[in-house]
Each structure stands twice: as structure tokens, then as C-alpha cells.
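S.K.: Numbering (our numbering), first residue to last: 20 to 163.
#1: Could you check whether residue 25 and residue 64 sit closer than 8 Å to each other, using their CB atoms as the reference points?
#2: Using a Cβ-Cβ cutoff of less than 7 Å, which residues in the same chain neighbour residue 6 once the five nearest sequence positions on both sides are dropped?
#3: Does residue 42 come out as helix, strand or coil in the three-state DSSP assignment?
#4: Is it true that the stretch 46-54 meets the stretch 80-98, where meeting means three or more beta-carbon pairs spaced less than 8 Å apart?
#5: Spatial neighbours of residue 40 within its chain, please: CB distance less than 6 Å, with the 5 preceding and 5 following residues excluded, ordered by chain position.
#6: Would you please state the rounded distance, in angstroms, between the beta carbons of residue 99 and residue 115? I believe it to be under 8 Å.
#7: Any idea if residue 61 is buried or exposed, counting beta-carbon neighbours within 10 angstroms, 16 or more meaning buried?
#8: Under a three-way DSSP split, which group does residue 114 fall into?
#9: Could you check whether residue 97 and residue 120 sit closer than 8 Å to each other, using their CB atoms as the reference points?
#10: Thinking just about the alpha-carbon of each residue, which of 32, 117, 28 is nearest to the one in residue 103?
#11: By DSSP, does residue 79 sit in helix, in strand, or in coil?
This is the structure:
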């Protein structure tokens with residue numbers, strides 16, 4: 020996800036750099052630095068999100084530790100009802116009961132899923148950041 024966002028930012032910036040900076044090596048260096056800074060910033064955001072999830076999981080209150088799983092299970096039940104149970108009940112001639120999910124609920128669902136996948140994202144970002152630093156160091160060594 021972050022990779023696509025970075026590419027969406029880098030594309031227009033790269034076009035602008037092409038107009039402003041004629042030297043392709045300098046332009047590539049600036050683009051690499053921009054990518055590094057964006058990845059570093061995202062890694063900080065992911066790390067902060069991870070810290071929140073860890074703090075919640077280690078909390079003293081049952082509700083503090085379990086609100087995300089409870090919310091996620093509630094959403095799963097509603098989604099299963101709306102997209103699995105209700106259509107089958109309707110097909111069998113019964114009364115379909117749909118539970119309306121406002122658009123903001125999908126945002127909360129995204130937040131809940133983010134809490135679960137933030138660890139994996141942090142791994143990928145740190146690996147990409149490390150790879151980018153290695154490439155930058157190799158390029159600096161070649162220039163010497």
C-alpha cells in the first residue's frame with residue numbers, strides 16, 4: 020500500500036525534477052533521497068501505530084485489551100449476515116434481515132485491520148528502508 024502511495028507522489032515530483040534538473044545522476048539522487056525520507060516517515064507512523072496496539076494489548080483492563088477483537092468479531096458477524104446468511108434465507112423464501120453498515124463503519128473496520136497488520140507492514144518498510152540505504156551507500160561508493 021505505501022509503495023503505491025510513494026509511487027503516486029514520486030511520479031509528479033520526478034516529472035517536475037526532470038524539468039528543473041538536467042543532470043540525470045543528480046535527479047536520480049534527489050529522487051532516491053525523497054523515497055528514503057518518505058519511507059522513513061512512514062516507518063515512524065507504523066511504529067507509532069504498533070506502539071498503540073502493544074500498549075492496548077498489555078493494558079490492565081479487559082476492555083482495553085480486547086476492544087479490537089470484539090469490534091472485529093462484531094463486524095464479521097454483520098458482514099456474514101449481510102452477505103452470506105441473508106441471501107440464503109431470502110433464496111429459501113424467508114425474510115432477509117440486513118444490518119446497515121454506514122460508510123464510517125467501514126473506516127473503523129479498516130482501523131481494526133490496520134492494528135492487526137501493522138507488524139507485518141513495519142517489517143516490510145524497514146526491509147525496504149534498509150535496501151534503499153544499501154543502494155544509496157553503493158551509489159556513493161561508486162561515485163568516489
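All residues carry an ideal CB built from backbone N, CA and C; glycine is no exception.
M.R.: Concretely, from the data shown:
#1: Counted from its first residue, the chain shown places residue 64 at position 45. Counted from its first residue, the chain shown places residue 25 at position 6. Contact flag unset, no.
#2: The question about residue 6 has no answer, for the chain in this structure spans 20 to 163.
#3: For the purposes of this step, residue 42 is taken as the residue at position 23 of the chain shown. If DSSP states are grouped into helix, strand and coil, residue 42 belongs with coil.
#4: no
#5: Translated into positions along the chain shown, residue 40 becomes position 21. Hits under 6 Å: 46.
#6: On the chain shown, residue 99 is found 80 positions in, with the first residue counted as 1. On the chain shown, residue 115 is found 96 positions in, with the first residue counted as 1. About 14 Å separates the two Cβ atoms, so there is no contact after all.
#7: Along the chain shown, one-based indexing puts residue 61 at 42. Its Cβ being crowded by 16 or more others within 10 Å, residue 61 is buried.
#8: On the chain shown, position 95 is the one that residue 114 refers to. Of the three classes helix, strand and coil, the one that applies to residue 114 here is coil, per DSSP.
#9: Locating residue 120 in the chain shown gives position 101, counting from the first residue. Locating residue 97 in the chain shown gives position 78, counting from the first residue. Judged by their CB atoms, residue 120 and residue 97 are nearer to each other than the 8 Å cut-off.
#10: Residue numbering aside, residue 103 sits at position 84 when the chain shown is read from its first letter. Out of 32, 117, 28, 117 has the C-alpha closest to the C-alpha of residue 103.
#11: Residue numbering aside, residue 79 sits at position 60 when the chain shown is read from its first letter. Here residue 79 sits in coil by DSSP.
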